[in-house]
Each structure stands twice: as C-alpha cells, then as structure tokens.
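Heads up, the sequence shown is in this note's numbering, so the first residue is 1 and it goes up one at a time. We treat Cβ as the ideally placed atom computed from N, Cα and C, and that holds for glycine. Every value quoted in this text rests on a predicted model; they were computed, and no experiment measured them. Each remark here refers to the structure printed beneath this line.
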Amino acid sequence: MSYRFFHSQPPVDDRFQLASDQAHHAINVMRYREGDRIVIFDGFGREHDALIETLSKKKLTAKRLETRQFDRSLSRSITIVVALPKGDRQKFLIEKLVELGVTKLIPLATSRSVAEVTPKAIERIEKQIIEASKQCGRNFLMQIASPSSIPQLCNLPDADVLGDQTSDQAETLTAIPNLNVLPKPTAEPLLKLMAHPYDSKVLSDVALESTQPVAIAIGPEGGFSDSEVTQLSESGWQPVSLGPTILRIETAAIAAATIFGIGKHVSAAP
Ligand code: SAM
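Quick look at the structure:
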C-alpha cells in the first residue's frame, strides 16, 4: 500500500492541497518529491491515487488520478465506551482501537476516572485517530463522541451509542460523480455490555452467539462503583466477564474489540 495522507475535502479542479501538517510529513519526513504517487483518503470511505505536482516548504499539491470507494471496516459496528487511562497508555489504546476497526469511542467519566477528557484532549485524540488510520489503511475514521458520565450514558438513545460509518458531512463531500457514501444497514438492535470482572456470562460466548452491533463499557483502574454497576445494568448494559484475571483498562478494551472484530469482513483489502 502506498503511503497515505488524510484530506477530508474533495479535490478542487482535480487537485488536492494538503494541510500543512500532512504536507510537512510528506516533504520532510517521507521525503517525497514532485512526480511521486501518494494515496489520499477522506475519512468518509473514499481513497484517491494522486500525483505530487508541486512542493514547497509546507505546501503540497497533488493531482487526482483515480478515486475508489473502498471500505476496510468490520461487518459489525463496535462502540467502546471507556474510562480513558492517561498519557502513553491512552495513546496506545487509541492507536490499537483504530487498528482493530472500532467504529466509535465514547470517553466515560466515572467516579474513579483519572483522565479528564477536555476539548483539547479530544483534539489530540482526533489527530491520533488520523495518524493511526493513515498507517493501517482505514478509510472511515473512528468516531469520537463527547465524554459521557454514567447517568448521561444511561440516558443516551441507542442511535447515539451506535457507531455509524456515515455522516451528514459525507453527503456534502461527494464532489466526484457516482461515488456516494452509502449508509450501511443496521437492522439488528444494539447489544449493550459492561465489562465486569468475575461475572458468570463470558464476553467471547456473547460475541460468538450474536452478529448484533455492540457497545461495551470498560471501567477505570479502580473499577465501576456498585452504584454505577446498578445504574448501567438497570439501563440495559449487561455485565460480562473477559476472563479469570483482572486486565488493565487498555487490555480490556483491546481484548473486547478483538473478540468482537473476529468474523466476516465487509470486503477484502487489496
Ligand atoms: N479492581 C477493579 C475491579 O474489580 O473492577 C479492576 C478494574 S480493571 C483494572 C479496569 C476495568 O477493566 C474494569 O472496570 C472492567 O470494566 C474491565 N476489566 C478488567 N478485567 C476484567 C475482566 N476479567 N472481566 C471483565 N472486565 C474486566
């Protein structure tokens, strides 16, 4: 796969002008030159082969050669609702969730959470999502929702918990004829789970038994409080165990994403 760059806007006169951070990466890190071919993806399912026409310090213009609608997503929508860890552990978690094809991330604020998810933190996470998508070949970006407290999560309609690979914005980005982003049918109801150590129900059994879209809530290092467990289960979040040992937050989230991601994929990657 050629090196990929992110640019959410459609081409103008069949040309892309990459944002300065993407151009800097192409010019100063990857050492691309005029005449080199690159791939540009828009985060809404499209990827374009393009030819670099002009380069200057932090400016890169590329001519569109060919556009494809190529979906490397999983057949099941996966939402991870998680009390994020801090620092490098948070960065690692975001990268792995993108690689594993998680559709949506909802940061969770619990009574024992340690990381405050400020608007600045969301901005940083969005950049990490783009970088991981460049590397792993995802053409739809993992969605990131605003942080939710437990009561907010319990009141969220399923449609807002569910990760969906379409967006209103995608409609406005269709400047290339005959390439519309088609909504994926999500006929099955959302399965809502809460990772809860020592529960008798095991997550891998649930994953094998169903093909439903899934959301799984993972608690903080100190675990969910009893009252949080009660609130979640009374709102339809079923407790499930991930095995006999206690996993750190990121291990639990990655394991859940992996187990639910196994299965039939939408399309084979080239
Ligand atoms: N002492 C805490 C407890 O008993 O809940 C441990 C918290 S653990 C480090 C962080 C989160 O990962 C938990 O709140 C839970 O959601 C999830 N988790 C970790 N190990 C798990 C397991 N074996 N089964 C289910 N969930 C697990």
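In three-state DSSP terms, what is residue i?
i       : result
Glu-234 : helix
Gln-169 : Bear in mind that a pLDDT of 45 at Gln-169, under 50, signals an unreliable position, so the number given afterwards is only what the model happens to contain. The answer is helix: DSSP assigns Gln-169 an H, G or I state.
Ile-144 : strand
Leu-51  : strand
Gln-9   : coil
Ser-20  : helix
Ser-204 : helix
Leu-153 : helix
Thr-258 : helix
Ala-217 : strand
Ala-252 : helix
Ala-195 : strand
Ser-77  : coil
Ser-227 : helix
In its own chain, which residues sit with a C-beta less than 7 Å from the C-beta of residue i, not counting the 5 before and 5 after it?
i       : result
Gly-261 : Leu-74, Ile-78, Leu-100 and Gly-101
Ala-115 : Leu-84, Pro-85, Lys-86 and Gln-90
Ala-252 : Ala-195, Ile-218 and Leu-242
Asp-199 : Pro-239, Val-240 and Ser-241
Ile-259 : Leu-203, Ser-204 and Ala-207
Below 6 Å, is the gap between the Cβ of residue i and the nearest heavy atom of the ligand MN?
i       : result
Leu-247 : By its list of ligands, the structure shown excludes the ligand MN, since it contains just the ligand SAM.
So if DSSP puts residue i in a beta bridge, which residue, or which two residues, is it bridged to?
i       : result
Arg-46  : Gln-69
Ser-56  : Lys-59
Arg-37  : Leu-51
Arg-64  : Ala-50
Ser-241 : Val-202
Arg-15  : Val-12 and Lys-63
Arg-4   : Val-39
Which residues in the same chain as residue i place their Cβ atom closer than 8 Å to its Cβ, once the five residues preceding and following it in sequence are excluded?
i       : result
Arg-37  : Ser-2, Asp-49, Ala-50, Leu-51, Ile-52 and Leu-65
Ile-246 : Pro-197
Gln-231 : Ile-150, Pro-151 and Cys-154
Thr-211 : Ser-75, Arg-76, Glu-188 and Gly-263
Leu-93  : Val-82, Leu-84, Pro-85, Ile-249, Glu-250, Ala-253 and Ile-254
Val-12  : none
Lys-201 : Gln-238, Pro-239, Val-240 and Ser-241
Can you name, in chain order, every residue of its own chain whose Cβ lies under 6 Å from the Cβ of residue i, other than the five neighbours on each side?
i      : result
Glu-47 : Val-39, Phe-41, Arg-68, Phe-70 and Asn-139
His-7  : Phe-16, Leu-18 and Ile-40
Lys-59 : Ala-23
Open item on the list: Does the contact criterion of 3 or more C-beta pairs under 8 Å hold for the region 234–241 versus the region 107–125?
Closed with: no
Open item on the list: What ranges does the alpha helix (DSSP H) occupy inside the region 89–136, keeping only unbroken runs of at least 4 residues that lie completely in it?
Closed with: 119–136
Open item on the list: Pairs of beta-carbons, one from the region 93–112 and one from the region 137–147, closer than 8 Å: are there three or more?
Closed with: The region 137–147 and the region 93–112 touch, with three or more beta-carbon pairs separated by less than 8 Å.
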